[in-house]
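Quick notes on the structure that follows.
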Amino acid sequence: MNNEEKIKQAAEILSKAKNIVGFTGAGTSAESGIPPFRGEGGIWNQYDPNSLDIDFYYRHTKESWKIIREVFYNFFSNKDIKPNPGHLVLAKWEKEGRLSSVITQNIDDLHTVAGNSVVYEFHGNMSRFVCTKCGHKVDAKSLTLTESPRNRLVAPSAAA
Numbered sequence: 552m553n554n555e556e557k558i559k560q561a562a563e564i565l566s567k568a569k570n571i572v573g574f575t576g577a578g579t580s581a582e583s584g585i586p587p588f589r590g591e592g593g594i595w596n597q598y599d600p601n602s603l604d605i606d607f608y609y610r611h612t613k614e615s616w617k618i619i620r621e622v623f624y625n626f627f628s629n630k631d632i633k634p635n636p637g638h639l640v641l642a643k644w645e646k647e648g649r650l651s652s653v654i655t656q657n658i659d660d661l662h663t664v665a666g667n668s669v670v671y672e673f674h675g676n677m678s679r680f681v682c683t684k685c686g687h688k689v690d691a692k693s694l695t696l697t698e699s700p701r702n703r704l705v706a707p708s709a710a711a
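Count along the sequence shown from 1, add 551, and you get the number used in the numbering used here.
Rendered as C-alpha cells:
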C-alpha cells in the first residue's frame, strides 16, 4: 500500500469515527514555524537540554532564565506564529462533536488559539508561569520578561 492509499484509508476511518482524540507533538506546530526540540533544526542543537531541567533552574536560576527567555519568549514574540490547518481541523472536529480532546506535547498554546477547549498539555504551556512555591499561575503576557523572575516563577507552567 502506497502513501496515498494509506492517507485515503486513514481519512475513511476518521470520517466514520464517532469519538476522536487528537495526539500531537512537534510536527503539528512545525508548519506554524515552531522548531522541534529534537532533530534537524531542533532547539537542542543550540542548547543543552539540561539547561531547562527544573533542578538546573533551582541551582542556576540566572543562567536557566536567560535560556528560557531566548528559547520560549524572544523567539515566539518575534514571529507571527498562528495555528495551521492541522490545528484548525482539530478545532473544527471538536465543534462538530467528533473530537473529544487533544493531548499534546506542545507548549505553544496553538490548539487553544485554534479553538479547541479540551486540551491536555503534557509539558505545560508557555503562556503561563507558575510559582513553584504556591502554584499560583500568571499570564506570561502580563509580565516583563527581562530579568530572572522573583519568587521562583518558572515557565512554562506545569501541566495540570
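Where a beta carbon is used, it is the ideal one built from N, C-alpha and C, also for glycine.
- At a Cβ-Cβ threshold of 8 Å, D659 and I585 count as neighbours.
- Excluding its 5 nearest sequence neighbours in each direction, G592 has C-beta neighbours in its own chain below 8 Å: P586, listed in chain order.
- A direct Cα-to-Cα measurement between M677 and G590 gives close to 21 Å.
- Going by C-alpha positions, I605 is about 17 Å away from E672.
- The DSSP assignment places 554-567, 577-581, 605-610 as complete runs of the alpha helix (DSSP H) inside the segment 552-617, in order along the chain (cut-off: 4 residues).
- For A568, the number of other beta carbons within 10 angstroms of its own is below 16, and it is reported as exposed.
- As computed with DSSP, S678 is found in no beta bridge at all.
- Counting of Cβ neighbours within 10 angstroms places I564 among the exposed residues, the total staying below 16.
- Per DSSP, the continuous beta strand (DSSP E) segment holding K688 begins and ends at 688-690.
- Cβ-Cβ distances below 8 Å link K646 to G666 in the same chain, with the five nearest sequence neighbours on each side left out; the list follows chain order.
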